[in-house]
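Numbering (this note's numbering), first residue to last: 1490 to 1666. Ideal placement from N, C-alpha and C gives every residue a C-beta, glycine not left out. Here is the structure we will look at.
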Amino acid sequence: MNIKGKYKLFKSFILHFHSSNYQQNYVNFCMPKEWQLLLISDGSFTQTLTSLTGQQIYIDQLSRYTYQSINDVHRLRDIWLKDHKSNKLIFAKSLWFLSANIDLPSAQPIGKSLILYEKDVYRDIHEFYYGHCTYLESKFHYRGPVWGRKYTIYYKQEPLTTLQEVFAPLVINFFDK
């Protein structure tokens, strides 16, 4: 799964993430500390945003559709996470493996649903990236590179969803408050 179309991110660099010391040293060298805290965190990013902003975070679902692949049925979903002022904080694309047989509300952020329904999950981060996307930059009201990540969430040792997220640069400003 890759972000395509108007959301296409032209990546200046991609850092494939593994938990080795070499990789961690490279992350420390390439990624500002605030971004490390946000992107590497193992908790719910929605909850982190709620804590940083002191405000409720909302979802704006752009699209959702189901399709049949050779081996499975999948659901694709594109969303914005927004704050109470409708500032776009994250663009996310998720690919759901419906064979995982878990049904979460689509009108809520994933992390919030997993906490609410007490689902014990594991997240495997694949990569971090840094690059440009004219469309997303215009929606973030920012001109310049953006950070993103790609990861898979596992439930009962089976893949539940793979996500790609691109973060509005203003997110790190919440550390100053």
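>> Just to check my reading of the structure: THR1542 and LEU1527 have Cβ atoms closer than 8 Å, yes? What is that Cβ distance to the nearest angstrom?
In response: Contact flag wrong, Cβ pair sits at about 13 Å.
>> According to DSSP, is PHE1656 part of a helix, a strand, or is it coil?
In response: The three-state reading of DSSP puts PHE1656 in strand, counting E and B together.
> Of all the options PRO1658, GLU1616 and THR1650, which has the alpha carbon lying nearest to the alpha carbon of VAL1562?
Replying inline: Of the candidates PRO1658, GLU1616 and THR1650, the residue whose Cα lies closest to the Cα of VAL1562 is THR1650.
> Which residues in the same chain have their Cβ closer than 6 Å to the Cβ of PHE1663, if we skip the five residues on either side of it in sequence?
Replying inline: These residues qualify, in order along the chain: LEU1541 and THR1542.
> Roughly how far, in whole angstroms, is the beta-carbon of GLY1637 from the beta-carbon of VAL1655, given that I think they are within contact range, below 8 Å?
Replying inline: With a Cβ gap of about 4 Å, GLY1637 and VAL1655 count as contacting.
> Which partner residues of GLU1647 appear in the DSSP bridge assignment?
Replying inline: TYR1644.
> Which residue's Cα is closest to the Cα of TYR1496: HIS1630, LEU1570, THR1623 and LEU1652?
Replying inline: It is THR1623 whose Cα lies nearest to the Cα of TYR1496.
> Where does the unbroken beta strand (DSSP E) through PHE1580 begin, and where does it stop?
Replying inline: According to the DSSP assignment, PHE1580 belongs to the beta strand (DSSP E) that extends over 1577-1586.
> Comparing alpha-carbon positions, which option in SER1533, THR1555, LYS1500 and LYS1645 lies nearest LEU1587?
Replying inline: The closest CA to that of LEU1587, considering only SER1533, THR1555, LYS1500 and LYS1645, is found on THR1555.
>> Can you tell me whether SER1530 is helix, strand or coil according to DSSP?
In response: In this structure, SER1530 counts as coil in the three-state DSSP scheme.
>> Looking at the secondary structure, which residues open and close the alpha helix (DSSP H) in which LEU1629 lies?
In response: For the sequence presented, residue 1629 should be read as Phe rather than Leu. It spans 1623-1629 - the alpha helix (DSSP H) in which PHE1629 sits, taken as one unbroken run.
>> Distance check for ASP1572 and ILE1546, CA to CA, integer angstroms please.
In response: Whole-angstrom Cα-Cα distance: 5 Å.
>> Using the Cβ count rule (16 or more neighbours within 10 Å means buried), how would you classify GLN1653?
In response: Of the residues assessed, GLN1653 falls on the buried side of the cut-off, its CB having 16 or more other CB atoms within 10 angstroms.
> Where do the ends of the beta strand (DSSP E) carrying HIS1563 lie?
Replying inline: From DSSP, the beta strand (DSSP E) with HIS1563 extends over 1562-1571.
> Got a sec? Which residues, its chain only, sit under 6 Å from GLN1544 by beta carbon, not counting five neighbours each side?
Replying inline: Apart from the 5 residues on each side of it in sequence, GLN1544 sits with its Cβ closer than 6 Å to the Cβ of ASP1572 and HIS1573 in its chain, given in chain order.
> Count the other CB atoms within 10 Å of the CB of LEU1498; is the residue buried (16 or more) or exposed (fewer)?
Replying inline: Around the CB of LEU1498, 16 or more other CB atoms lie within 10 Å, so the residue is classed as buried.
>> By DSSP's criteria, ARG1632 is part of a beta bridge. Which residues make up the other side?
In response: None; ARG1632 has no bridge partner.
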